[in-house]
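Undergrad: End of the sequence shown = 153 in my numbering, gap-free, step of one. The beta-carbon is built from N, C-alpha and C at its ideal position, and this holds for glycine as well.
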Amino acid sequence: MERTVRTRETRQRRLVLETLRSTKSHPTAEWIFERVRERMPHISLGTVYRNLNVLRDEGKVRELRVNGRTAHWDGDLSPHGHFVCTECGAIRDVWGLPNHDWKGLKDLVGCEVIRQHCEFYGTCPACLQRERANS
Numbered sequence: 019m020e021r022t023v024r025t026r027e028t029r030q031r032r033l034v035l036e037t038l039r040s041t042k043s044h045p046t047a048e049w050i051f052e053r054v055r056e057r058m059p060h061i062s063l064g065t066v067y068r069n070l071n072v073l074r075d076e077g078k079v080r081e082l083r084v085n086g087r088t089a090h091w092d093g094d095l096s097p098h099g100h101f102v103c104t105e106c107g108a109i110r111d112v113w114g115l116p117n118h119d120w121k122g123l124k125d126l127v128g129c130e131v132i133r134q135h136c137e138f139y140g141t142c143p144a145c146l147q148r149e150r151a152n153s
């Protein structure tokens with residue numbers, strides 16, 4: 019079973035979470051900071067980072083580090099994967115993936131899976147269209 023850390027909820031943390039959950043994109047901490055600052059002008063970027071890390075540790079948000087790039091954040095914890103464009107870096111949700119029962123993995127290799135995440139890499143439609151136009 020996955021352990022989560024429990025911390026006291028603060029106004030800043032609540033606003034960071036609300037901001038993240040209000041978008042379907044997979045924003046960076048800087049994007050979240052700019053939106054939160056509209057409602058809380060004195061918040062710092064460091065406070066946003068700290069709160070995102072706490073929310074991640076509590077299991078309330080998902081951190082996406084794709085291709086070693088800047089962290090992106092996902093407030094939607096429902097089962098889904100992600101498609102990452104290797105050209106422009108866009109991240110899209112992928113729905114309808116089959117569910118796998120990973121409990122048998124312990125018998126195969128001796129490890130116990132607590133969470134899985136599926137990522138696909140390739141070229142998004144906009145980049146494909148741009149490539150075709152430039153050919």
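My guess is that residue 90 and residue 118 are in contact by the Cβ rule of under 8 Å, so how many angstroms apart are they, rounded?
TA: Locating residue 90 in the sequence shown gives position 72, where the first residue counts as 1. Locating residue 118 in the sequence shown gives position 100, where the first residue counts as 1. The pair is not a contact, with the Cβ atoms about 24 Å apart (cut-off 8 Å).
Undergrad: Would you check if the distance between the CB atom of residue 74 and the CB atom of residue 95 is smaller than 8 Å?
TA: For the purposes of this step, residue 74 is taken as residue 56 along the sequence shown, with counting starting at 1. For the purposes of this step, residue 95 is taken as residue 77 along the sequence shown, with counting starting at 1. Taking 8 Å as the Cβ cut-off, residue 74 and residue 95 do not qualify as a contacting pair.
Undergrad: Evaluate residue 35 with the Cβ neighbour count: other Cβ atoms within 10 Å of its Cβ, from every protein chain shown; 16 or more gives buried, anything less gives exposed.
TA: Taking the sequence shown and counting its residues from 1, one reaches residue 35 at position 17. It counts as buried.
Undergrad: Just checking my contact of residue 33 with residue 51 at CB under 8 Å: how many whole Å lie between their CB atoms?
TA: In the sequence shown, the residue the question calls residue 33 occupies position 15. In the sequence shown, the residue the question calls residue 51 occupies position 33. No, residue 33 and residue 51 are not in contact; Cβ-Cβ is about 11 Å, not under 8 Å.
Undergrad: Once the 5 residues before and after residue 108 are set aside, which same chain residues still bring their CB inside 6 Å of it?
TA: Start at 1 with the first residue of the sequence shown, and residue 108 comes out as number 90. Only 142 meet the Cβ criterion.
Undergrad: For residue 120, which residues of its own chain have a beta-carbon under 8 Å away from its beta-carbon, when the five flanking residues on both sides are left out?
TA: As a working note, residue 120 is residue 102 in the sequence shown. If we look at residue 120 and ignore the five residues flanking it on each side, its Cβ neighbours are 131 and 134.
Undergrad: Give the secondary structure of residue 103 by DSSP, where H, G and I count as helix, E and B as strand, and everything else as coil.
TA: The count along the sequence shown starts at 1 and reaches residue 103 at position 85. DSSP places residue 103 in strand when its eight states are reduced to three.
Undergrad: Measure the Cβ-Cβ separation of residue 137 and residue 100 and say whether it is below 8 Å.
TA: Locating residue 137 in the sequence shown gives position 119, counting from the first residue. Locating residue 100 in the sequence shown gives position 82, counting from the first residue. Against a cut-off of 8 Å, the Cβ pair of residue 100 and residue 137 comes out as a contact.
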